Amino acid sequence: GPRIGVLTSGGDAQGMNAAVRAVVRGAIHLGARPFAIYEGYQGAVDGGPGIREMTWDDVGNIMHRGGTIIGTARCAAFREREGRRTAAKNLLERGIDRLVVIGGDGSLTGTDLFRREWPDLLRELHERGEISAETMAAHPTLMVAGIVGSIDNDLVGTDMTIGTDSALHRIIEALDAISSTAASHQRTFIVEVMGRHCGYLPLSAAIAGGADAVFVPEDPPRDGWEERLCDKLAAARAAGRRDSIVLVAEGALDRQGERIDVDRLHDVIERGLGEDARITILGHVQRGGTPSAYDRWMSTLLGIAAVQDVLAATADSPAHIIGVRRNRLARLPLVQSIENTRAVAGYIKEGEYDKAIEARGESFGK
Ligand code: ADP
């Protein structure tokens, strides 16, 4: 049967294991042979034990684990054509010409490039005497499907990406813990959460966790925000609220494009209220731990759909991202989705915040 490679690349996200499991078992169920490519693209570049055929049992007992059992890495070699040529050779040695890549926008950009270059890479390999004419003819195209693993939920066009729901759970647990200690001492806590160009996590966490204020990259506060923040915190305190929480995305900015980070917020509160606010940067705890039920469920559906997609693909089908859109499975054009996603970062950089919010659209519940 057809041979499918699966890899996880870029930052890890809870739920990646469920996706890998679904790809492996979905492939076997549909009569294909699944291969794990270890440590992101590195396993493809290295070949040898970097690419291993998977059995049904190899992915048993992994669904509930965070991270990814097949490893993830940033692979510099794959950014070079030579690295991708070597990767093509190693895949062909095992007859693999279908790939499911689970990763962020960088990883999926690499996948699409690899797919487009594939015929040329094979020609070069043949010219160098590294593959036969039969091998070249037998695998004229690389068929790929992408699944976005990113706790930021930054992909434009889907409801959720893998890991986001688990990260949100982790943040809320942390906020609950923080707010009980904040209440005991009548304190303000400033909490930094992930979200370089995407405010989904801080915004959702602020609502679900009952925070007093939130700062997100796409919608910087209007000038004079320092005073308004302090007034609001003071009013809440005067009204009897004992705990206050201010959430900030790691990529939050003001209208001048300057970072609003935890230290700056601390200074603002100290100057405005004479209060020594406490700072918590959640960092990697947001990535760690058990994936939520939603992440396991969604990743399983996406993994199976991705296998179906690469098995159904033909030479001229475009590459897809498999995601959930409006609570249904959806196949989105890979290149366009990545471009739309990267455009948001551009809008933020250029100060075009209305466009950034518009582009986020559905995932912000608008
Ligand atoms: P993410 O996938 O989370 O956005 P990166 O941008 O670091 O993370 O990409 C992960 C890996 O994907 C890189 O280390 C590299 O191997 C590969 N990659 C990323 N961008 C490209 C590209 N433009 N061309 C080829 N490979 C790429």
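For what it's worth, this note's numbering labels the leading residue of the sequence shown as 1014, then goes sequentially.
Glycine residues also receive a C-beta, built at the ideal position from the N, C-alpha and C atoms.
The model shown is predicted, which means the values in this text are computed figures rather than measured ones.
Check: residue i C-beta below 7 angstroms from any heavy atom of the ligand ADP
i     : result
S1350 : no
C1088 : yes
L1266 : no
G1080 : no
F1091 : yes
T1008 : The shown model of the chain, from 1014 to 1379, leaves out residue 1008, and the question about it has no answer.
L1168 : no
D1118 : yes
Y1054 : yes
L1134 : no
T1122 : yes
G1208 : no
G1364 : no
L1347 : no
L1105 : no
L1214 : no
L1126 : yes
In DSSP terms, what residue i is bridged to
i     : result
R1065 : A1049
R1094 : BP columns for R1094 are empty, so no partner.
A1226 : V1259
M1156 : R1111
L1020 : V1114
I1175 : G1162
V1204 : L1260 and T1293
L1266 : R1272
Burial state of residue i (16 or more Cβ within 10 Å)
i     : result
K1379 : Residue confidence is low: K1379 scores 42 on pLDDT, short of 50, so the model does not pin down where it sits. No coordinate-derived value is stated.
P1215 : buried
K1102 : buried
A1146 : exposed
T1327 : exposed
T1194 : exposed
N1074 : exposed
A1290 : buried
G1044 : exposed
P1047 : buried
Q1304 : Checking the sequence, you will find Pro at residue 1304 rather than Gln. Label assigned to P1304: buried.
L1347 : buried
D1391 : Any answer about residue 1391 is impossible in this case: the structure gives the chain only from 1014 up to 1379.
Q1349 : exposed
Proximity test, Cβ basis, 8 angstroms: residue i and chain D
i     : result
I1144 : Of the chains in the structure shown, none is chain D; there is only one protein chain.
Check: residue i C-beta below 7 angstroms from any heavy atom of the ligand SAH
i     : result
G1024 : Absence of the ligand SAH from the depicted structure is noted, with the ligand ADP being the only ligands included.
(message) Threshold first: 3 residues or longer. Then list the beta strand (DSSP E) segments lying entirely within the region 1320-1364, N to C.
(response) 1333-1338 and 1341-1346
(request) Decide if the region 1240-1249 is in contact with the region 1205-1214; the criterion is three or more beta carbon pairs, one per stretch, under 8 angstroms apart. (result) no
(message) I want to know whether the region 1225-1235 touches the region 1260-1276 - three or more CB-CB distances under 8 angstroms.
(response) yes
(request) Would you check if the region 1328-1339 and the region 1015-1035 touch, i.e. whether three or more CB-CB distances between them fall below 8 angstroms? (result) no
(message) Using 8 angstroms as the cut-off, can you tell me whether the region 1221-1231 makes contact with the region 1289-1297, which would need three or more C-beta pairs spanning the two stretches below that distance?
(response) no
(request) Give a yes or no on contact between the region 1090-1102 and the region 1061-1080, applying the rule of three or more CB pairs nearer than 8 angstroms. (result) no
(request) May I ask you to verify whether the region 1035-1050 touches the region 1125-1136, counting CB pairs closer than 8 angstroms and requiring at least 3? (result) no
(request) Count the C-beta pairs between the region 1310-1326 and the region 1156-1175 that are closer than 8 angstroms, then say yes if the count reaches three, no if not. (result) yes
(request) Would you check if there are 3 or more beta carbon pairs closer than 8 angstroms linking the region 1280-1289 to the region 1147-1158? (result) no
(message) Below 8 angstroms, how does it come out for the region 1195-1203 and the region 1180-1187: are there three or more Cβ pairs, yes or no?
(response) no
(message) In chain order, what are the residue ranges of uninterrupted beta strand (DSSP E) at least 3 long that sit wholly in the region 1285-1325?
(response) 1291-1294
(request) Check whether the region 1352-1360 touches the region 1163-1177, counting contact only when three or more Cβ pairs, one atom from each stretch, lie closer than 8 angstroms. (result) yes
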